[in-house]
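**Q**
Numbering (the numbering used here), first residue to last: 51 to 148.
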């Protein structure tokens, strides 16, 4: 079997999940809740950087699958991320808002 690109893998999971009967939104909620717990553990001195990284990747994966299911283009995603990053930098430069 040929090596699939990341885009192809996301599309394959998106198609599989579309047929599973479980809304992708449920997976996003579950993964976000797991990620939320990880930084909180840092405050209790139980931080595990590997777990934080893995949970963040799980969130990204489920969100990219969700965006694929909504038909959102890669160009639009890049445009929105760029816009939001620039807006955050401008807010910080102008108002000190983080």
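We put the CB at the ideal spot given by N, CA and C, even for glycine.
This structure is a prediction, so every number in the text was calculated from the model and none was measured.
Count the other CB atoms within 10 Å of the CB of residue 100; is the residue buried (16 or more) or exposed (fewer)?
**A** exposed
**Q** Can you give, in chain order, each stretch of the alpha helix (DSSP H) that sits fully within the segment 68-137 and has at least 4 residues?
**A** 74-93, 99-119
**Q** Taking buried to mean at least 16 other C-beta atoms within 10 Å of its own C-beta, is residue 122 buried or exposed?
**A** That one is exposed.
**Q** Residue 112 and residue 78 - do their beta-carbons sit closer together than 8 Å?
**A** Annotated as proximal: residue 78 and residue 112, with beta-carbon spacing under 8 Å.
**Q** Hey, how far is the Cα of residue 70 from the Cα of residue 63?
**A** 10 Å
**Q** Can you have a look at residue 74 and say buried or exposed, based on whether 16 or more other CB atoms are within 10 angstroms of its CB?
**A** buried
**Q** Return yes when the Cβ of residue 105 is within less than 8 Å of the Cβ of residue 80, no when it is not.
**A** Their beta carbons are not under 8 Å apart, which means residue 80 does not touch residue 105 by this criterion.
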